[in-house]
Amino acid sequence: MSDTFKSGFTAIVGRPNVGKSTFMNRVIGEKIAIMSDKAQTTRNRIQGVYTDEDSQIVFIDTPGIHKPKHKLGNYMVNTAEQTLNEVDIILFMINAEEGYGRGDQFIVDRLKNVDRPVYLIINKIDRVHPDKLITLIEQYRELMEFTEIVPISALEGNNVDHLLTVIKGHLEEGPQYYPEDQITDHPERFVISEFIREKVLHLTREEIPHSIAVKIEGIDEEENGSLHIQAIIVVERKSQKGIIIGKQGSMLKEVGTRARKDIEALLGSKVFLELWVKVQKDWRNRSIDLNDFGYREDDY
Numbered sequence: 124m125s126d127t128f129k130s131g132f133t134a135i136v137g138r139p140n141v142g143k144s145t146f147m148n149r150v151i152g153e154k155i156a157i158m159s160d161k162a163q164t165t166r167n168r169i170q171g172v173y174t175d176e177d178s179q180i181v182f183i184d185t186p187g188i189h190k191p192k193h194k195l196g197n198y199m200v201n202t203a204e205q206t207l208n209e210v211d212i213i214l215f216m217i218n219a220e221e222g223y224g225r226g227d228q229f230i231v232d233r234l235k236n237v238d239r240p241v242y243l244i245i246n247k248i249d250r251v252h253p254d255k256l257i258t259l260i261e262q263y264r265e266l267m268e269f270t271e272i273v274p275i276s277a278l279e280g281n282n283v284d285h286l287l288t289v290i291k292g293h294l295e296e297g298p299q300y301y302p303e304d305q306i307t308d309h310p311e312r313f314v315i316s317e318f319i320r321e322k323v324l325h326l327t328r329e330e331i332p333h334s335i336a337v338k339i340e341g342i343d344e345e346e347n348g349s350l351h352i353q354a355i356i357v358v359e360r361k362s363q364k365g366i367i368i369g370k371q372g373s374m375l376k377e378v379g380t381r382a383r384k385d386i387e388a389l390l391g392s393k394v395f396l397e398l399w400v401k402v403q404k405d406w407r408n409r410s411i412d413l414n415d416f417g418y419r420e421d422d423y
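124 is the number of the first residue of the sequence shown in this note's numbering; add one for each residue after it.
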């Protein structure tokens, strides 16, 4: 460790599906945030901890800022907006492939009221022609004054190291908040439930993804050192339950098989994953259910 150690908190904000979780996982070097091509995948603030010899950056992957349609949506947007006033740096991430959208103006209007340095991060540059990138930069410069504009590809890793150097350059001398081998502040139960939810997102279509929640009922260690994990996948309608279970349980089995691989990689031990599906009507609008799944009432 060098004589001067820098540390701080960095929020990643942006419209849904711009690659915030992909960037987080790339920087941390391990999977801690779930990824999906479906909007509004991230529901909670997920903290990833990057530590090297002379710095520690705590990244906060916020839910995508969007116009909410239910109490869960309110929670997601409020969580993202509250984060803006609690960090040292804000990374406003956009999707180079999609370009400017109405949702960006919604976010910019909020960033203008925040007294923090805001960096524009143009992600997915591997998918666009350089000429489009230049046009994008000019377009966003007209929206507000950014501390710096950094084009990257979170998936391919292009320019990510440079972005880390830029962030370190802004941070002030500070303590090491977390042990150097800790990569997230979330408990294992949360990460496990997210891995299960991710597999449902990957394997289902249409209305299913936004209608599910996952609750870990128990984690027990067996005599042979393996773990027995019991989890409930909650849906809003009986028809959704049938889709997730699948013909003769085929869909639920596939969800469990895929999730188990990620969980075993996370925990470093063999896992027996037992899944059930339960219907709780309109849970996204019911305070008692939202509280039960860990969403604080003050945030919606």
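Ideal Cβ placement from N, Cα and C applies to all residues, glycine included.
Outcome for M124 when other beta-carbon atoms lying within 10 angstroms are tallied against a minimum of 16: In the sequence shown, residue 124 corresponds to position 1, counting from 1. Bear in mind that a pLDDT of 48 at M124, under 50, signals an unreliable position, so the number given afterwards is only what the model happens to contain. Classification of M124: exposed, given that the 10 Å Cβ count is below 16.
Sub-8 Å separation of I213 and V241 beta-carbons: Here residue 213 is taken as the residue at index 90 of the sequence shown, counted from 1. Here residue 241 is taken as the residue at index 118 of the sequence shown, counted from 1. Cβ distance < 8 Å, so I213 and V241 count as in contact.
Start and end residues, alpha helix (DSSP H) containing F313: On the sequence shown, position 190 is the one that residue 313 refers to. Where F313 is concerned, the enclosing alpha helix (DSSP H) stretches over 311 to 326.
Spatially closest choice to E344 from D249, F395, D308, by CA coordinates: In the sequence shown, the residue the question calls residue 344 occupies position 221. Comparing Cα positions, the closest option is F395.
Beta-carbon spacing of V273, V289 below 8 Å: Here residue 273 is taken as the residue at index 150 of the sequence shown, counted from 1. Here residue 289 is taken as the residue at index 166 of the sequence shown, counted from 1. A distance below 8 Å separates the beta carbons of V273 and V289.
For V181 and Q305, the rounded distance between their alpha carbons: Residue mapping note: residue 305 aligns to position 182 of the sequence shown, counting from 1. Residue mapping note: residue 181 aligns to position 58 of the sequence shown, counting from 1. The alpha-carbon atoms of Q305 and V181 are separated by roughly 11 Å.
Buried versus exposed call for I315 [16 or more other C-beta atoms within 10 Å across all chains shown]: Here the question's residue 315 lines up with position 192 in the sequence shown. So I315 ends up on the buried side.
The alpha helix (DSSP H) enclosing N148, as first and last residue numbers: The sequence position of residue 148 within the sequence shown is 25, counting from 1. 143 to 151 is the extent of the alpha helix (DSSP H) around N148.
First and last residue of the uninterrupted beta strand (DSSP E) at E268: Taking the first residue of the sequence shown as 1, we reach residue 268 at position 145. Per DSSP, E268 belongs to no beta strand (DSSP E) and is neither H nor E.
Member of N282, I257, L286, T258 whose CA lies at the smallest distance from the CA of T270: Taking the first residue of the sequence shown as 1, we reach residue 270 at position 147. T270 has its Cα closest to that of L286, out of N282, I257, L286, T258.
Neighbour-count burial assignment, G365, 16 or more Cβ in a 10 Å radius: For the purposes of this step, residue 365 is identified with residue 242 of the sequence shown, where counting begins at 1. By the neighbour-count rule (16 or more Cβ atoms within 10 Å), G365 is not buried but exposed.
Complete alpha helix (DSSP H) runs within the region 324 to 383 (minimum length 4 residues, chain order): For the region 324 to 383, whole alpha helix (DSSP H) runs of length 4 or above, ordered along the chain, are 361 to 368.
Spatially closest choice to L81 from I151, L390, F318, G222, by CA coordinates: Absent from the structure is residue 81, since the part of the chain shown begins at 124 and ends at 423.
A277 vs R138 beta-carbon contact at 8 Å: Within the sequence shown, the letter at position 154 stands for residue 277. Within the sequence shown, the letter at position 15 stands for residue 138. Not closer than 8 Å, so no.
Burial state of G280, where buried means 16 or more other Cβ atoms lie within 10 Å: Indexing the sequence shown from 1 puts residue 280 at position 157. Exposed: under 16 other Cβ atoms inside 10 Å.
With 16 other Cβ atoms within 10 Å as the buried cut-off, status of T164: For this step, residue 164 is matched to residue 41 along the sequence shown. Summary for T164: the model assigns pLDDT 44, below 50, so the residue's position carries little reliability, and this model does not support an answer.
Cut-off 6 Å between Cβ atoms - residues of its own chain near R381, not counting five sequence neighbours on either side: Walking along the sequence shown from the start, residue 381 turns up at place 258. Excluding positions up to five away in sequence, the list reads K322.
Beta-carbon contacts of R419 that lie in its chain and below 6 Å, excluding the five residues immediately before and after: Within the sequence shown, numbered from 1, the residue matching residue 419 stands at position 296. For R419, the pLDDT reaches just 49, beneath the cut-off of 50, and the residue's location in the model is therefore unreliable, although a value from the coordinates is still provided. Nothing meets the Cβ criterion.
Other residues of its chain near W406: CB distance less than 7 Å, five sequence neighbours each side excluded: Indexing the sequence shown from 1 puts residue 406 at position 283. Excluding residues within five positions, the ones whose Cβ falls inside 7 Å are A336, V357, E359, D412.
Separation of G372 from M216, as counted between CA atoms: Position 93 of the sequence shown, counted from the first residue, corresponds to residue 216. Position 249 of the sequence shown, counted from the first residue, corresponds to residue 372. Spanning the alpha carbons of M216 and G372 requires a straight line of approximately 39 Å.
Closest residue to Q179 among R320, N208, Y223, T133 (Cα-Cα distance): Counting from one through the sequence shown, the residue named residue 179 turns up at place 56. Of the candidates R320, N208, Y223, T133, the one whose C-alpha sits nearest the C-alpha of Q179 is T133.
Nearest-angstrom beta carbon gap, I368 and V400 [assumed within contact, 8 Å]: Within the sequence shown, the letter at position 277 stands for residue 400. Within the sequence shown, the letter at position 245 stands for residue 368. Between the beta-carbon of V400 and that of I368 there is about 6 Å, and that keeps the pair under the 8 Å contact cut.
Environment of K455 [buried if 16+ CB atoms lie within 10 Å]: This structure gives no information on residue 455, because the portion of the chain shown stretches from 124 to 423.
Boundaries of the beta strand (DSSP E) in which K154 is found, first to last residue: As a working mapping, residue 154 is identified with position 31 in the sequence shown. Segment: none, K154 is in no beta strand (DSSP E) and carries neither H nor E.
Minimum C-alpha distance to N236 - residue among A354, Q299, G226, N208: Within the sequence shown, the letter at position 113 stands for residue 236. Shortest Cα-Cα distance from N236 to any of A354, Q299, G226, N208 involves N208.
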